[in-house]
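All remarks here apply to the structure that follows.
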Amino acid sequence: MPTMTAAQRRALAKAEFDSYLATCASRQVLDRLADKWVTLVLCALGDNGSPMRYSEIARRIAGVSQKMLTQTLRTLERDGLITRTVTPTVPVTVDYALTGLGGSLLEIVRQLKDWSDTHVHLIIGARSDFDARQN
1 MPTMTAAQRR
11 ALAKAEFDSY
21 LATCASRQVL
31 DRLADKWVTL
41 VLCALGDNGS
51 PMRYSEIARR
61 IAGVSQKMLT
71 QTLRTLERDG
81 LITRTVTPTV
91 PVTVDYALTG
101 LGGSLLEIVR
111 QLKDWSDTHV
121 HLIIGARSDF
131 DARQN
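Take the sequence shown: its letter number 26 is residue 26 in the UniProt record's numbering, and every next letter is one higher.
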């Protein structure tokens, strides 16, 4: 293996994906996945097991605004995690489904959602204890 200069090693490190580096592209992915609406949309599509219409997703995810759901679906489609299929009917039918890439992420985000559902009471208790100590 040839010897590298310090500058060459730094250039090589920048070229690799390392989320701890400020300029790493994988941070954009982490940022996207940290969004609650992304987690809930992916789980809703995965739980359904078949394509869903926009209105079905909106009904499943209480509290999501039309604007937020539309933005989330667009970014997930752009990232290759879901597909959007338009069927020329009257009115037009639009279905959303997980892609293979989205399906590979589903189990991870589902575990995060399930962990949140299971442990929310502990988090609420910890917040109350913390707030009581601050006063």
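For glycine and all other residues, C-beta sits at the position ideal for the given N, C-alpha and C.
Specify, as a first and last residue, the run of the alpha helix (DSSP H) that THR118 falls within. Numbered from its first residue, the sequence shown carries residue 118 at position 118. Per DSSP, THR118 belongs to the alpha helix (DSSP H) from 100 to 134.
Please state if the CB of LEU81 and the CB of LEU40 are separated by a distance shorter than 8 Å. Translated into positions along the sequence shown, residue 40 becomes position 40. Translated into positions along the sequence shown, residue 81 becomes position 81. Against a cut-off of 8 Å, the Cβ pair of LEU81 and LEU40 comes out as no contact.
Could you have a look at ASP47 and say whether DSSP puts it in helix, strand or coil? As a first step, residue 47 is located in the sequence shown; it is residue number 47 there, counting from the start. ASP47 falls in the helix class under three-state DSSP.
How is ASP95 classed by DSSP in three states: helix, strand or coil? In the sequence shown, counting from the first residue as 1, residue 95 sits at position 95. ASP95: strand per DSSP, three-state reduction.
Apart from the five residues on each side of it in sequence, which residues of its chain come closer than 7 Å, Cβ to Cβ, to residue 152? For the chain, the structure presents residues 1 to 135; residue 152 sits outside this window and is missing.
Segment limits, beta strand (DSSP E) that includes VAL86: In the sequence shown, counting from the first residue as 1, residue 86 sits at position 86. It spans 82 to 87 - the beta strand (DSSP E) in which VAL86 sits, taken as one unbroken run.
Rounded to the nearest angstrom, what separates ARG60 and GLY46 at their Cα positions? Reading the sequence shown from its first residue, position 60 is the one you call residue 60. Reading the sequence shown from its first residue, position 46 is the one you call residue 46. The alpha-carbon atoms of ARG60 and GLY46 are separated by roughly 12 Å.
TYR54, enclosing alpha helix (DSSP H) - first and last residue: Stepping through the sequence shown from its first residue, residue 54 is reached at position 54. 54 to 60 is the extent of the alpha helix (DSSP H) around TYR54.
Please determine, among LEU122, LYS113, HIS121, ARG78, the residue with the shortest C-alpha to C-alpha distance to LEU101. The residue given as residue 101 occupies position 101 in the sequence shown. Taking only the C-alpha atoms, the option nearest LEU101 is ARG78.
On a Cα-Cα basis, can you pick out the residue from LEU33, CYS24, LEU98 that is closest to SER50? Working through the sequence shown from its first residue, we reach residue 50 at position 50. Considering only alpha carbons, the answer is LEU98.
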